[in-house]
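Heads up: the sequence shown begins at 0 in numbering that gives the first Met the number 0, then just goes up one per residue. The beta-carbon is built from N, C-alpha and C at its ideal position, and this holds for glycine as well. Computed from a predicted model, the values in this text were never measured in an experiment.
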Amino acid sequence: MKDLTNITEGYDEELIAVISAAVAATIGDDIGKFKVKSIVRIPQTSPVWRRIGVQEQMNSRL
Numbered sequence: 000m001k002d003l004t005n006i007t008e009g010y011d012e013e014l015i016a017v018i019s020a021a022v023a024a025t026i027g028d029d030i031g032k033f034k035v036k037s038i039v040r041i042p043q044t045s046p047v048w049r050r051i052g053v054q055e056q057m058n059s060r061l
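What follows is the structure, given as structure tokens:
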């Protein structure tokens with residue numbers, strides 16, 4: 000990744016690399032074919048009890 004200076008402010012470079020790799024794996028493309036311009040945390044709108052329930056369900060399947 001060449002141009003991390005634009006988005007690294009406030010973020011760890013390793014976190015940016017992990018997010019970029021996850022996006023590349025999800026869309027099934029090479030990491031060099033797209034550029035991460037910004038990372039924005041989306042506020043969680045679901046209740047805490049729902050998130051915990053989902054986590055418990057996922058953990059029970061491991």
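Residue j beta carbon less than 8 Å from that of residue i
i, j, result
"isoleucine 15", "valine 35", "yes"
"aspartate 29", "alanine 20", "no"
Helix, strand or coil at residue i [DSSP, three-state]
i, result
"valine 35", "coil"
"lysine 1", "Residue placement at lysine 1 is poorly supported in this model, since its pLDDT is 46, which falls under 50; the coordinates are not used for a value here."
"serine 45", "coil"
"alanine 60", "According to the sequence shown, residue 60 is arginine rather than alanine. Reduced to three states, the DSSP call for arginine 60 is coil."
"glycine 52", "helix"
Residues near residue i by beta carbon distance below 8 Å, same chain, minus five either side
i, result
"isoleucine 18", "Val35 and Ile38"
Neighbourhood of residue i by C-beta, 7 Å cutoff - its chain only, sequence neighbours within 5 removed
i, result
"leucine 3", "Because the pLDDT at leucine 3 is just 48, under 50, the model does not fix this residue reliably, and the value given afterwards should be weighed accordingly. Answer for leucine 3: Glu12 and Ile15, listed in chain order."
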